[in-house]
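**Student:** Numbering (the numbering used here), first residue to last: 951 to 1164.
Pasting in a structure now, in structure tokens, and then I'll have a few things to ask.
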Amino acid sequence: MVKRSTLIVVGLFALLLGLLAGVFISQMLPPRLQSTLAESVNVTDSAASDDALDLLRTALDTARAFRDGDYAALAYYVHPEEGVTFTPNTTVDRSVDQTFTAGQIANAPGSSETYIWGTATDSAVPISLTLADYLSAYVWDENYLAQARISVDSTRVTGNALENLTDAYPGCRYVEFYCPGEAPQTDWSALRLVYQQQDGVWYLVGVVHSAWGA
């Protein structure tokens, strides 16, 4: 029979390992994300919490790939069947918005092909850009990892355009990176990364950019 003292020692050792693992994981996140992680993730119960954190970790890795221009890493997160659809101005229209496969994402740096991504909200002029240029102008237009307030399945601020993300991506979940700007009422922007789970893995299916006036 195992002595009670042995069980206590084993239990304390397991607890210590858990605490050390938690400190290690938190130190891997940028300082701002360490301080806001708990308050920014919106979950309805404890059972959903681990799932939301797993989704958040995937979104953070995806955001780093956008920031670094690491197209091979981005391709890894793209849904293998659905691809990823890009929406420049809040309202999703998957029949019009551009959709790319993982292979197209991986080859984006070497492609000079231009696409029509919709129209600019301030001029109604068609947005004609290569994929790489679009990612600079309508995805990583802010340093969302350094400045953003992050939430899961929650939109902090809305503009004038129709907010239809959850209708356009039924059954999916999203992580929003929201930057308030210097004048939060008129200078904010948001990047929303939409994911669909398949075989226990979160895959990117949508990238929605939103801003004041859009």
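Built from N, CA and C at the ideal position, the CB exists for glycine as well.
CB-CB under 6 Å to Thr1035, same chain, minus the five flanking residues each way: which ones, in chain order?
**Tutor:** Taken in chain order, the residues that qualify are Arg1044, Asp1047, Thr1049, Gly1156.
**Student:** So does the stretch 1090-1108 actually touch the stretch 1059-1073, counting three or more Cβ pairs closer than 8 Å?
**Tutor:** Contact between the stretch 1090-1108 and the stretch 1059-1073 is absent, because fewer than three Cβ pairs lie under 8 Å.
**Student:** Run through the stretch 1120-1150 for me and flag every whole beta strand (DSSP E) of 3 or more residues, listed as ranges in chain order.
**Tutor:** Listed in chain order, the complete beta strand (DSSP E) runs (minimum 3 residues) inside the stretch 1120-1150 are 1123-1129, 1139-1148.
**Student:** Give me, in chain order, the residues of the same chain whose beta-carbon lies closer than 8 Å to that of Tyr1065; leave out the 5 immediate sequence neighbours on both sides.
**Tutor:** So the list reads Gln1048, Ser1078, Leu1079, Thr1080, Leu1081, Tyr1084, once near-sequence residues are dropped.
**Student:** What are the uninterrupted segments assigned as beta strand (DSSP E) that are 3 or more residues long and contained completely in the stretch 986-1073, given in chain order?
**Tutor:** The qualifying runs are 1034-1037, 1048-1050, 1064-1069.
**Student:** Using the Cα positions of Ala1002 and Thr1008, report the straight-line distance between them to the nearest angstrom.
**Tutor:** One C-alpha to the other measures close to 10 Å.
**Student:** Which same chain residues, not among the five before or five after Gly1053, have their C-beta less than 8 Å away from its C-beta?
**Tutor:** Correct list, in chain order: Ala1025.
**Student:** Exposed or buried, what is Pro1038 when buried is set at 16 or more other beta-carbons lying within 10 Å of its beta-carbon?
**Tutor:** Buried, since its Cβ has 16 or more Cβ neighbours within 10 Å.
**Student:** Within this structure, are the beta carbons of Tyr907 and Tyr1153 separated by less than 8 Å?
**Tutor:** In the structure as shown, the chain begins at 951 and stops at 1164. Residue 907 is therefore absent and cannot be evaluated.
**Student:** Within this structure, are the beta carbons of Cys1129 and Glu1092 separated by less than 8 Å?
**Tutor:** Taking 8 Å as the Cβ cut-off, Cys1129 and Glu1092 qualify as a contacting pair.
**Student:** Nearest to Ala1118 by CA position, among Gln1146, Ala1070, Ile1100, is which residue?
**Tutor:** Closest option to Ala1118, Cα to Cα, is Gln1146.
**Student:** Can you tell which of Asp1103, Trp1138, Phe1127 has the C-alpha that lies nearest to the C-alpha of Pro1120?
**Tutor:** That would be Asp1103, whose Cα lies nearest to the Cα of Pro1120.
**Student:** Please name the residue in Glu1132, Gly1131, His1159, Ala1087 whose C-alpha comes closest to that of Ala1111.
**Tutor:** Closest option to Ala1111, Cα to Cα, is His1159.
**Student:** If you reduce the DSSP assignment to three classes, tell me which class Ala1082 lands in.
**Tutor:** Residue state, collapsed to three classes: helix.
**Student:** When DSSP labels each residue in this structure, what does Phe963 get in the three-state scheme?
**Tutor:** Residue placement at Phe963 is poorly supported in this model, since its pLDDT is 47, which falls under 50; the coordinates still yield a value, given next. The answer is helix: DSSP assigns Phe963 an H, G or I state.
**Student:** Exposed or buried, what is Ala1140 when buried is set at 16 or more other beta-carbons lying within 10 Å of its beta-carbon?
**Tutor:** Buried, by the Cβ-count rule.
**Student:** In three-state terms, what does DSSP make of Ser976?
**Tutor:** Unreliable placement is indicated for Ser976, whose pLDDT of 37 sits below 50; the coordinate value is still reported in the next sentence. Ser976 falls in the helix class under three-state DSSP.
**Student:** Do you know offhand how far Glu1032's Cα is from Gly1068's?
**Tutor:** Cα-Cα distance, rounded: 20 Å.
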